[in-house]
Amino acid sequence: MAKSATPRDETAKLSRGFGWLAVLGVILVLAGLVGLVYTGVATLTSMVLFGWLLLIGGVVGLLHAVQARATNFFWLGVVVAALNIAAGVVVLKTPEAAAEALTMFAALLFLTGGLFRLVGSLVVRGPQFGWTLVQGAFGLLLGILVLGTWPSSSQYVIGTFFSLSLLFDGLGLIATGYGGRRIVGMVSERLAGDETAPGAPETGEHRAAKPVQPE
């Protein structure tokens with residue numbers, strides 16, 4: 455008969471899980487720092503990963519469309535899957551050109567988003583007026599800088615954003631893992647204190663270890 459897990463075993467598993475989460479965060483932080491140093495390599499790496507994601511997503515979508523060929527969404531699924539596969543192949547074959555196109559798209563997004571936020575903050579003047587104004591001005595300036603140096607900016611813009619995303623995600627995982635281990639440690643100490651406290655109920659192990667008094 456399998457032995458049931460005790461609360462102490464469960465807390466130990468949780469502690470190990472949070473520890474591995476922190477280790478993953480450290481790896482992501484290191485990858486983000488390396489990517490910020492070698493932005494060109496990070497840009498090409500992110501484009502290759504993006505191409506493979508499109509390709510795999512297109513293949514999976516095509517398989518789902520074939521499985522659902524009796525429905526009305528069969529041809530729509532086939533078209534979307536074919537577009538994803540074609541885009542993935544193009545990105546994998548020409549990652550530099552894909553990086554230039556995505557950089558142009560990102561610059562236009564920064565420009566339009568910053569402009570809308572800037573104008574909206576001046577028109578509405580809500581409680582977050584100052585913060586929205588700063589965000590709009592920053593997005594507009596970033597879009598102008600990226601667009602003004604395009605296509606040379608495509609060599610580092612995508613890689614910089616990708617590396618910063620890895621860096622901040624890693625820091626978040628480290629904070630989550632460290633905080634989780636602290637909470638689990640506090641719970642473990644509380645459980646240990648309850649077990650050793652006077653008048654605490656005896657478990658099956660304690661009763662088995664307790665010697666039997668002769669009558």
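When we follow my numbering, the leftmost residue of the sequence shown carries the number 455, and every step to the right adds one.
Even glycine gets a Cβ: it sits at the ideal position worked out from N, Cα and C.
Quick check on DSSP: helix, strand or coil for Phe527? Translated into positions along the sequence shown, residue 527 becomes position 73. Phe527: coil per DSSP, three-state reduction.
Between which two residues does the alpha helix (DSSP H) containing Ser500 stretch? Position 46 of the sequence shown, counting from 1, holds the residue named residue 500. Element bounds for Ser500: Thr493 to Gln521.
Please determine, among Arg470, Ala561 and Phe570, the residue with the shortest C-alpha to C-alpha distance to Ser606. Within the sequence shown, the letter at position 152 stands for residue 606. Comparing Cα positions, the closest option is Ala561.
Using a Cβ-Cβ cut-off of 8 Å (strictly less than) and excluding sequence neighbours within five positions of Ile539, which residues of its own chain qualify? Start at 1 with the first residue of the sequence shown, and residue 539 comes out as number 85. Result list for Ile539: Leu508, Leu509, Gly512, Val513 and Leu516, in chain order.
Nonlocal neighbours in the same chain, by C-beta distance under 6 Å from Phe564, ignoring five residues either side: Working through the sequence shown from its first residue, we reach residue 564 at position 110. For Phe564, where only same-chain residues beyond five positions count, the Cβ hits under 6 Å are Gly593, Leu596 and Gly597.
At a cut of 8 Å, does the stretch 490-507 reach the stretch 616-634 through at least three beta carbon pairs? Using a C-beta cut-off of 8 Å, the stretch 490-507 makes contact with the stretch 616-634, since at least three inter-stretch Cβ pairs fall below that distance.
contact_flag[the stretch 517-524, the stretch 567-580] where n(CB pairs < 8 Å) is 3 or more: Counting Cβ pairs under 8 Å, fewer than three are found: no touch.
Identify whether Trp604 lies in helix, strand or coil by the three-state DSSP scheme. Mapped onto the sequence shown, residue 604 falls at position 150. Looking at Trp604 - three-state DSSP - the assignment turns out to be coil, as it is neither helix nor strand.
Measuring CB to CB, does Leu486 end up less than 8 Å from Gly613? Counted from its first residue, the sequence shown places residue 486 at position 32. Counted from its first residue, the sequence shown places residue 613 at position 159. Before going on, a small fix: residue 486 reads as Gly here, not Leu. No, they are not a contact pair.
Measure the C-alpha to C-alpha separation of Leu556 and Leu587 and round it to an integer number of angstroms. As a working note, residue 556 is residue 102 in the sequence shown. As a working note, residue 587 is residue 133 in the sequence shown. The straight-line gap from Cα to Cα measures roughly 26 Å.
My guess is that Ser469 and Ala553 are in contact by the Cβ rule of under 8 Å, so how many angstroms apart are they, rounded? Within the sequence shown, residue 469 is the residue found at index 15, counting from 1. Within the sequence shown, residue 553 is the residue found at index 99, counting from 1. Actually they are not in contact, since the Cβ atoms of Ser469 and Ala553 sit about 42 Å apart, beyond 8 Å.
Sub-8 Å separation of Val545 and Gly505 beta-carbons: Sequence index remark: in the sequence shown, residue 545 carries index 91 (1-based). Sequence index remark: in the sequence shown, residue 505 carries index 51 (1-based). Cβ distance < 8 Å, so Val545 and Gly505 count as in contact.
For the alpha helix (DSSP H) that Arg571 lies in, which residues bound it at each end? By 1-based counting over the sequence shown, the position of residue 571 is 117. Its alpha helix (DSSP H) spans residues Pro549 to Val578.
6 Å CB neighbourhood of Gln589 in its chain, flanking five on each side removed: Reading the sequence shown from its first residue, position 135 is the one you call residue 589. If we look at Gln589 and ignore the five residues flanking it on each side, its Cβ neighbours are Arg571.
Would DSSP call Gln589 helix, strand or coil? The count along the sequence shown starts at 1 and reaches residue 589 at position 135. The three-state reading of DSSP puts Gln589 in helix, counting H, G and I together.
So which of Asn526, Met640, Ala551 and Leu484 has the shortest CA-CA distance to Thr497? Here the question's residue 497 lines up with position 43 in the sequence shown. Ranking Asn526, Met640, Ala551 and Leu484 by CA distance to the CA of Thr497 puts Ala551 first.
Test item: CB-CB of Gly479 and Ile628 under 8 Å: Walking along the sequence shown from the start, residue 479 turns up at place 25. Walking along the sequence shown from the start, residue 628 turns up at place 174. It is a contact, given that the beta carbons lie within the stated cut-off.
I need the straight-line Cα distance from Ala536 to Lys547, nearest angstrom please. Indexing the sequence shown from 1 puts residue 536 at position 82. Indexing the sequence shown from 1 puts residue 547 at position 93. The straight-line gap from Cα to Cα measures roughly 16 Å.
Kindly list the residues whose CB is nearer than 8 Å to the CB of Ala591, restricted to its own chain and excluding five residues on each side of it in sequence; keep chain order. As a position in the sequence shown, residue 591 is number 137, starting the count at 1. For Ala591, where only same-chain residues beyond five positions count, the Cβ hits under 8 Å are Gly568 and Leu572.
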